[in-house]
Amino acid sequence: MKKTIFGLALLMILSGCKQTNKEEKTAEVEEKATEWVLLFNSTDLSGWHSYGKDSVMEHWTVENGTMKFTPPTERSDNSPLDIVTDGEYTNFELSVDWKISEGGNSGIFWGVKENEKFGVPYATGPEIQILDNERHPDAKNGPDRMAGALYDMIPTKVEAAKPAGEWNTCVIQIDHNANKGKVTLNDIKISEFAVHGPEWDAMVADSKFNGWDGFGEFRTGRICLQDHNDIVWYRNIKIKELK
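Each residue of the sequence shown is one higher than the last, beginning at 61 in the numbering used here.
Right, dumping it as structure tokens:
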């Protein structure tokens with residue numbers, strides 16, 4: 061009788077251990093599925109290409125572990141030199157460190173579609189502004205043009221950007237399942253907005269993008285870093301896809 065009771069107890073313990081191990085493995089899988097993935101390895105520009113090209117144009121380089129854009133001194137045409145990810149993303153959290161040159165302008169786009177029909181990344185991708193708020197004239201056009209703003213659509217609640225030449229950390233969350241976008245700059249939440257539906261459509265209609273075929277319409281697209289003819293640096297670029 062004692063052996064039977066001992067056997068049952070041992071069986072229950074083993075079953076409990078198996079269940080615990082199973083739960084731990086499930087949790088581990090779920091944790092790995094939500095881990096950050098580097099989009100820039102600080103060594104080369106693998107995982108990126110210039111918009112509409114097969115490779116990266118020479119204006120984008122790696123300098124001391126950072127990604128740097130140096131505009132050409134002369135341009136033969138208006139072809140964009142923006143850089144985009146090889147991969148496409150739908151629901152994600154993107155973290156980017158950026159540093160802008162004095163008087164500089166750049167931007168981070170999502171939902172970008174590469175198509176000859178559109179020609180440039182900003183034709184489809186909404187932009188989170190990168191700007192020298194102190195010196196660039198666009199800052200004088202209002203808080204929806206300042207660093208961290210959803211360009212020409214949602215203003216920054218507070219001015220959280222550091223001066224030109226200093227590093228800023230921008231975290232952009234785009235979640236179509238929850239219909240929510242959120243921007244944090246230097247650990248300060250500066251904006252929140254819908255990413256599709258009537259509220260989004262109303263924001264577009266009240267912006268310079270009103271009537272643009274394809275603008276903000278693609279839930280899945282590439283991440284883009286902008287050529288705005290100014291020197292800009294990026295580092296610690298990573299993404300976490302949301303379920």
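Where a beta carbon is used, it is the ideal one built from N, C-alpha and C, also for glycine.
Because the structure is a prediction, the values reported are computed rather than measured.
Cα-Cα separation between residue i and residue j, rounded to whole angstroms
i, j, result
"A87", "V172", "Low confidence applies here, because A87 scores a pLDDT of 44, under 50, leaving its location unreliable; read the following figure in that light. So the alpha carbons of these two residues sit roughly 33 Å apart."
"K303", "T150", "10 Å"
"H256", "P186", "12 Å"
"T126", "F269", "32 Å"
"I250", "E219", "8 Å"
"C284", "N101", "16 Å"
"I297", "G271", "32 Å"
"K240", "I232", "11 Å"
"F304", "T184", "The displayed coordinates of the chain run from 61 to 303. Any statement about residue 304 would go beyond what the structure contains."
"K113", "E174", "10 Å"
"I234", "E95", "16 Å"
"H236", "L210", "16 Å"
"D137", "W120", "18 Å"
"P131", "V122", "14 Å"
"T103", "L154", "20 Å"
"A221", "H196", "13 Å"
"R295", "A265", "34 Å"
"V97", "E301", "9 Å"
"T133", "A238", "44 Å"
"K200", "E118", "33 Å"
"E194", "Y182", "24 Å"
"R135", "I248", "38 Å"
Contact check, residue i vs residue j, beta carbons under 8 Å
i, j, result
"N228", "W158", "yes"
"I214", "F169", "no"
"I299", "L99", "yes"
"D192", "G163", "yes"
"D287", "F152", "no"
"T216", "G208", "yes"
"C230", "V156", "yes"
Cutoff 8 Å: residue i Cβ touching any chain D Cβ
i, result
"K113", "The chain labelled as chain D is not found in the depicted structure, where only one protein chain is given."
Beta-carbon separation (whole angstroms), residue i vs residue j, contact threshold 8 Å
i, j, result
"D212", "S267", "5 Å"
"G281", "E176", "Not confirmed; about 16 Å, so no contact."
"P223", "V180", "Actually they are not in contact, since the Cβ atoms of P223 and V180 sit about 29 Å apart, beyond 8 Å."
"D290", "N165", "5 Å"
"I190", "I160", "6 Å"
Report task. For the region 255-262 and the region 107-116, state whether three or more C-beta atom pairs, one from each stretch, are separated by less than 8 Å. Result -> These segments do not touch.
Query raised in the report: Does the count of Cβ pairs from the region 271-286 and the region 239-251 closer than 8 Å reach three?
Result: Proximity of the region 271-286 to the region 239-251 falls short of the contact definition, fewer than three beta-carbon pairs being nearer than 8 Å.
Query raised in the report: With contact counted as at least three CB pairs below 8 Å, one residue from each stretch, are the region 201-208 and the region 141-156 in contact?
Result: No: fewer than three Cβ pairs fall under 8 Å.
Query raised in the report: If you scan the region 102-184 from start to end, which runs of the beta strand (DSSP E) of 3 or more residues do you find wholly inside it?
Result: Taking only runs of at least 3 residues, the beta strand (DSSP E) segments lying wholly in the region 102-184 are 108-110, 120-123, 126-129, 143-145, 152-160 and 165-172.
Requested in this report: Tell me the start and end of each unbroken beta strand (DSSP E) in the region 220-292 that is at least 3 residues and wholly inside, in chain order.
Outcome: Correct list: 228-235, 240-245, 248-253 and 282-285.
Query raised in the report: Which ranges does the beta strand (DSSP E) cover as unbroken runs of at least 3 residues, wholly within the region 180-209, from first to last along the chain?
Result: Complete beta strand (DSSP E) runs here, min 3: 187-191.
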